[in-house]
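0 is the number of the first residue of the sequence shown in numbering that gives the first Met the number 0; add one for each residue after it.
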Amino acid sequence: MLLSVSSAVLAAAGPSPSPSSSTAPAVPSLQDAQESATHAASWVEENWSTWLAIGLKVLLILVIAAVLRKVVLRAITKLIDRMNRTVQAVDGTALGGLLVNAERRRQRSQAIGSVLRSVASFVILGTAALMVLSAFQINLAPLLASAGVAGVAIGFGARNLVTDFLSGVFMILEDQYGVGDTIDAGVASGEVIEVGLRVTKLRGDNGEIWYVRNGEVKRIGNLSQGWATAGVDVTVKASEDLDRLKATLDEVAEKMGKEEPWNELLWSPIEVLGLDSVLLDSMVVRVSARTMPGKALAVERELRWRIKRAFDAADIRIVGGATAPADDDTPDPTAVVAAPSALANSASPQAEAATPLTPSAPTPK
0 MLLSVSSAVL AAAGPSPSPS SSTAPAVPSL QDAQESATHA ASWVEENWST
50 WLAIGLKVLL ILVIAAVLRK VVLRAITKLI DRMNRTVQAV DGTALGGLLV
100 NAERRRQRSQ AIGSVLRSVA SFVILGTAAL MVLSAFQINL APLLASAGVA
150 GVAIGFGARN LVTDFLSGVF MILEDQYGVG DTIDAGVASG EVIEVGLRVT
200 KLRGDNGEIW YVRNGEVKRI GNLSQGWATA GVDVTVKASE DLDRLKATLD
250 EVAEKMGKEE PWNELLWSPI EVLGLDSVLL DSMVVRVSAR TMPGKALAVE
300 RELRWRIKRA FDAADIRIVG GATAPADDDT PDPTAVVAAP SALANSASPQ
350 AEAATPLTPS APTPK
């Protein structure tokens, strides 16, 4: 009975598969290959116009961006060259050395050109990239949102750098100072030797070089624009003759204004402004003149030199300070006399008190 059950189970299961039929790969037939090629050809035929349109659109965008960028950069270069030619034309005139600093204008034009080229390239190429992505039907909203978040993060992390850069751009565009100017930037002062978009280099009075970040400059005092004022205060004794004093100063001013190179450095005649202050034993006379920018210190030193020599020749004495007493070479005759004493008068109470006591004689009994 068991044998009959086993025979029935095997008959229901069917014949067992052979090893060769389970491992052999299925080979596509020629008809399947023809069907696949037909489907691919039909898909290409349906979409080739769309591909061609996208390719032509991308190519047109790239060509227009390249041509526009080249035209804009060439226009910026011509503008910078025109600025440099203007500098060279004025540099040969009589006022060229006073009004134009070739190195300053050259660096300023280069900085402006660099900023304009960078901004133009960024705007044109960035717009072209977004248009290309839009041509491929890519959603730009997530990309722009991510770029905005990244820009905000970078802006917070590098805010000092951004501040320095923007401050440098506006300083150059507004021509607040340039190479060769003497400025007071608050944190440092000196002569400008290099102007950058982030850092300005100054040379101090002792030869040191200061690197000042443009974002740290809150106010700027330019000592090389317009004109400068040279002022000298002369302190003399209060007993001096004012007319003789003014005549001596006028003679010094007239002579200095006619000699070179001071006649070119002085932009106005040297004026005696009058008494600046009058004290008990001295008075201060103010002398002033308008000079070329940056030359006030040299004019003041030369003016002091000439005033001192003229006063020595005119026997006018300059005292050391506003309240300095005048020295007298005549010896004081009372310096060797002793101070009076109360004991010198025999009738004074002090003299009577210092008198020795004499013994009294005994009385007879």
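Ideal placement from N, C-alpha and C gives every residue a C-beta, glycine not left out. Source: prediction; values computed, not measured.
Taking one beta carbon from each stretch, the stretch 106-114 and the stretch 161-178 have 3 or more pairs nearer than 8 Å; the two touch. For residue 306, the uninterrupted alpha helix (DSSP H) run begins and ends at 295-312, by DSSP.
Closest by C-alpha distance to residue 243, out of 122, 257, 63 and 309, is 309. Exposed is the label assigned to residue 117, since fewer than 16 other Cβ atoms lie within 10 Å of its Cβ.
Look at the beta carbons and you see the stretch 194-207 not touching the stretch 146-158: under three pairs across the two are nearer than 8 Å.
Comparing alpha carbon positions, the residue from 158, 200, 301 and 76 closest to residue 229 is 301. Here residue 181 is not near residue 226, since their CB atoms are 8 Å or more apart.
Judged by beta-carbon spacing, residue 214 lies beyond the 8 Å limit of residue 247, meaning their Cβ atoms are not closer than that value. Here residue 176 is buried, its C-beta having at least 16 other C-beta atoms within 10 Å. The shortest CA-to-CA distance from residue 264 to any of 293, 279 and 210 is the one to 293. Contact annotation, residue 218 with residue 189: C-beta distance approximately 16 Å; criterion of less than 8 Å not satisfied.
Distance from the Cα of residue 305 is smallest, within the candidate group 251, 52, 318 and 288, for 251. In the three-state reduction of the DSSP assignment, residue 258 falls in the coil class, being assigned neither a helical nor a strand state. Annotation: residue 170 is outside any beta strand (DSSP E); the continuous alpha helix (DSSP H) that includes it extends over 158-172. Here residue 192 carries a strand assignment [DSSP, helix/strand/coil].
Linking residue 256 to residue 298 through their CA atoms gives a straight-line distance of about 11 Å. In this structure the stretch 229-240 does not touch the stretch 196-207; the number of beta carbon pairs closer than 8 Å is below three. If only complete runs of 4 or more residues are kept, the stretch 212-277 shows the alpha helix (DSSP H) at 241-257 and 261-264, in order along the chain. In this structure residue 261 is buried. Its beta-carbon is surrounded by 16 or more other beta-carbon atoms within 10 angstroms.
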